[in-house]
Structures are given as C-alpha cells and as structure tokens.
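Taking it in order: structure first as structure tokens, then the write-up.
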Amino acid sequence: GNSVTQMEGPVTLSEEAFLTINCTYTATGYPSLFWYVQYPGEGLQLLLKATKADDKGSNKGFEATYRKETTSFHLEKGSVQVSDSAVYFCALSALGTYKYIFGTGTRLKVLA
Amino acid sequence: DVKVTQSSRYLVKRTGEKVFLECVQDMDHENMFWYRQDPGLGLRLIYFSYDVKMKEKGDIPEGYSVSREKKERFSLILESASTNQTSMYLCASRDSGTAYDSNQPQHFGDGTRLSIL
C-alpha cells in the first residue's frame, strides 16, 4: 500500500542554519507530493507541492524536489528563522483514490 | 483564499454524550475530510465525503458518523463519546470531483481540540 516516512523530530537548529527534513514514500504509479506546515494552535497549511518526477516545489524559501528514482521529497531551506518553528508534514495523493497519506510530522525548533 | 471554518476551537464533553463537530467551507469544494491528530500518530482519516450525501469510511471510523446534507457543510458525530476520543480534530476540503485529480491540495481548518471527561 501507499505510505510516507519522514524523519523523526524534534529538529533543533540555530537561526540561519540550513534545514533538511527527509521524506520518502511508497506508492504505485505517480503520486502527487505535498509539504504542509502546522504552526502552534493552528491547522495545516499547504507549503509546497510537486505533481511529477523532477518537479521542484518552492515557497517562502523552502524547496523540495520530486525524486522518483529515490522515492523521496526532502524539504530544504537555506537559512531558517525563528518564525519557521512549526511541525512539518509530508503527504502524498495517489491517482485513483481520494485519500491522502500523511507522514507523522517533524517538529522544528529554531533558536535565536 | 479558501476558508475552512470549524465551529469550535475547544470543546469539553462528558463520556456518553452525543457530540457534533461542524465544518464549513466557502469554496464550493466537492471533497471534504475529517481527521484526528494525536501525538506520534500524525493525521488519521476518520471519514471523507466526495460529494453531497456521499460518504466513505476512512481508516478509523469506529465510534464516529458523518453527515453531509449541503455541499459546504460536513459534520462529524461522536455517537457516544468516550475518553479515548479526546484528540485534535481537523476538517479539510479539496477542489476535485474525482479521485483522478490527485494534484489538488487539501485545505484545512484550524482544528477543534476535544476533551472527553
């Protein structure tokens, strides 16, 4: 079946550090891939998406590239800020199903 | 911007009560979803609806039911609340009429933190 695995947190970084949060997936066919962010006390917000192999999604300085050969969609940011502290979820949506598969989330804490 | 509104941010109920969680979206989306979010378990799908009056069970439907009488509103019902249903509940909607538009993202409400005493 379809699944998403993302690195466990928490991840603690200093401001301006480089961020990578790993995400790998298992799916038949060509799913669409998403990163969502959840700030404290809020619901999930779409951060970026990619719908086919080699696509790069980007938003607010975050990037992720859809790598079919390694079935990965790692989230990166060159210089994190305190305001990026949140929980990040990787998700996939496979053709032929309404269901989305979410990873368990990775908590990021950025220290000033 | 898509707006998904959940009727309560915080709710406290007693065991055995019938509990209603309401969700309204303003973008004429066909698909709507109810999840619960628990630490270490991520998001788990309870029920979803792909159109008015249509519903399907998700991964953890036991103890829950849903209602979708109008396109914009999707209600989650806890038939007889129990303490193990204490959780954060998230509603989402998506603009798609079929299962073959997988590139459409889901849009989430701010969640309802439900405590069952």
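Respectively, the protein sequence lines represent chains R and D.
The opening residue of the first sequence carries number 2 in the numbering used here; numbering runs sequentially from there.
The opening residue of the second sequence carries number -8 in the numbering used here; numbering runs sequentially from there.
We put the beta carbon where it would ideally sit given N, CA and C, even for glycine.
Just so you know, these numbers come straight off a predicted model, no measurement behind them.
Residue i (DSSP reduced to helix, strand or coil)
i        : result
Thr6/R   : strand
Val43/D  : coil
Thr29/R  : coil
Gln76/D  : helix
Val38/R  : strand
Tyr99/R  : coil
Ser94/R  : strand
Ala83/D  : strand
Glu16/R  : coil
Ser109/D : No statement about residue 109/D is possible, as the shown extent of chain D runs from -8 to 108 and does not include it.
Leu105/D : strand
Supposed contact pair residue j and residue i - C-beta distance, whole angstroms, cut 8 Å
i       : j        : result
Asn60/R : Leu45/R  : The pair is not a contact, with the Cβ atoms about 14 Å apart (cut-off 8 Å).
Ser40/D : Arg59/D  : 4 Å
Glu77/R : Ala65/R  : 7 Å
Thr6/R  : Gly104/R : 6 Å
Ser33/R : Asn22/D  : Ser33/R to Asn22/D, Cβ: 14 Å. No contact.
Glu63/D : Val15/D  : 5 Å
Phe24/D : Cys82/D  : 7 Å
Neighbour flag for residue i against chain R, beta carbons, 9 Å
i         : result
Val(-5)/D : yes
Ala83/D   : yes
Gly47/D   : One point to set straight first is that residue 47/D is Glu, not Gly, in the sequence displayed. Taking Cβ atoms only, chain R reaches closer than 9 Å to Glu47/D, which makes this a yes.
Leu125/D  : Any answer about residue 125/D is impossible in this case: the structure gives chain D only from -8 up to 108.
Cβ-heavy atom distance, residue i to the ligand NAD, below 8 Å
i       : result
Thr29/R : As presented, the structure is devoid of all ligands, the ligand NAD included, so that no description of it is given.
Enclosing beta strand (DSSP E) for residue i [first to last residue]
i        : result
Gln46/R  : 45 to 51
Lys110/R : 107 to 112
Ser66/D  : 64 to 69
Below-9 Å beta-carbon distance, residue i vs any chain D residue
i       : result
Gly79/R : no
Glu64/R : no
Ser33/R : yes
Thr76/R : The question names Thr, yet the displayed sequence has Leu at residue 76/R. By this cut-off, Leu76/R is not an interface position.
Ala87/R : no
Query - Any alpha helix (DSSP H) of 4 or more consecutive residues that is wholly inside the segment -8 to 58 of chain D - result: none
Requested in this report: Could I get the ranges of all uninterrupted beta strand (DSSP E) runs contained in the segment 59 to 88 of chain R, with 3 residues as the minimum, in chain order?
Outcome: 63 to 66, 76 to 78, all fully within the segment 59 to 88 of chain R.
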